[in-house]
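Encoded as structure tokens, the structure appears first; notes follow it.
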Amino acid sequence: MDNCYADDYCAAFEAENLEISETNPSISKDGGDQFFITFEVETTLPNDDDDGEEEEIVLVESTKSFTFWAKCPRFKEGNLSRERISMMLSMAGVARHKQGFMIDVVSLRADQIANAARNKGARLLPMMVSISIVACSCYEEAS
């Protein structure tokens, strides 16, 4: 097996200045709180250059942005289900075999945002997820 996962990256954070250009009709007085999540997904080409050079050049194949709305029940944990996060990652082009740690990162940050004292009265909870994945053929070979 190659280094399919070695250089994958995922970070999630509260995005206070995130521009929300979409409207969500389900946000109403009785609609409950919602996450507005933007995924920025960068796909890089594998670096097969093992000649010992210190400077590493990363070739970006593509960068895409995806937005999602999700209800936030304001639980202590589990405000964004693992299944829902996996569905979002799949729709954003992240192969299932690469999602494990990303689901953990997004789930933990969603709970932190939902439970932060500063967000107690907020109906809309914006989150940004930044992902970089190395394109690989191992997923296609396993199919």
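Under our numbering, the first residue of the sequence shown carries the number 234, and numbering increases by one thereafter. C-beta: ideal position from N, C-alpha, C; glycine also. Note that the structure is a prediction, hence the values are computed from the model and not measured.
Just confirm the distance between the C-beta atoms of residue i and residue j, as a whole number of angstroms; I'd bet it's less than 8 Å.
| i | j | result |
| --- | --- | --- |
| R315 | I336 | 5 Å |
| T271 | L251 | 6 Å |
| I364 | S340 | Contact flag wrong, Cβ pair sits at about 14 Å. |
| N280 | V293 | Contact flag wrong, Cβ pair sits at about 12 Å. |
Could you tell me if residue i is buried or exposed, where buried requires 16 or more neighbouring beta carbons within 10 angstroms of its beta carbon?
| i | result |
| --- | --- |
| A375 | Here the model assigns A375 a pLDDT of 40, short of 50, so the residue's position is not dependable, and the following value carries that caveat. The residue is exposed, with fewer than 16 neighbouring Cβ atoms inside 10 Å. |
| I253 | exposed |
| V362 | buried |
| A303 | buried |
Within its chain, find whatever has a CB closer than 8 Å to the CB of residue i; leave out the 5 residues flanking it on each side and keep chain order.
| i | result |
| --- | --- |
| C305 | G265, D266, Q267, F268, N312, L313, A343, A347, L358 |
| E249 | P359 |
CB-CB under 6 Å to residue i, same chain, minus the five flanking residues each way: which ones, in chain order?
| i | result |
| --- | --- |
| V338 | C243, A245 |
| E310 | D344 |
| D240 | V367 |
| Q393 | No answer is possible for residue 393: it lies beyond the span of the chain, which begins at 234 and ends at 376. |
Please identify the residue among the options whose C-alpha is closest to the C-alpha of residue i.
| i | options | result |
| --- | --- | --- |
| A350 | R307, S363, V291, M320 | R307 |
| I366 | N352, M360, H330 | H330 |
| A355 | E247, A328, Q332 | E247 |
Might you give, ordered along the chain, the residues of its own chain that have their beta carbon closer than 7 Å to the beta carbon of residue i, omitting 5 neighbours on each side?
| i | result |
| --- | --- |
| N352 | I346, L358 |
| S295 | T276 |
| L278 | L292, E294, A368 |
| F334 | C243 |
Answer yes or no: the CB of residue i versus the heavy atoms of the ligand MN, is any distance below 7 Å?
| i | result |
| --- | --- |
| V339 | For the ligand MN, the structure offers nothing, since it holds no ligand at all. |
Exercise. Would the segment 315 to 327 and the segment 298 to 307 be scored as touching if the rule is three or more Cβ pairs under 8 Å?
Worked result: Result yes; three or more Cβ-Cβ pairs closer than 8 Å.
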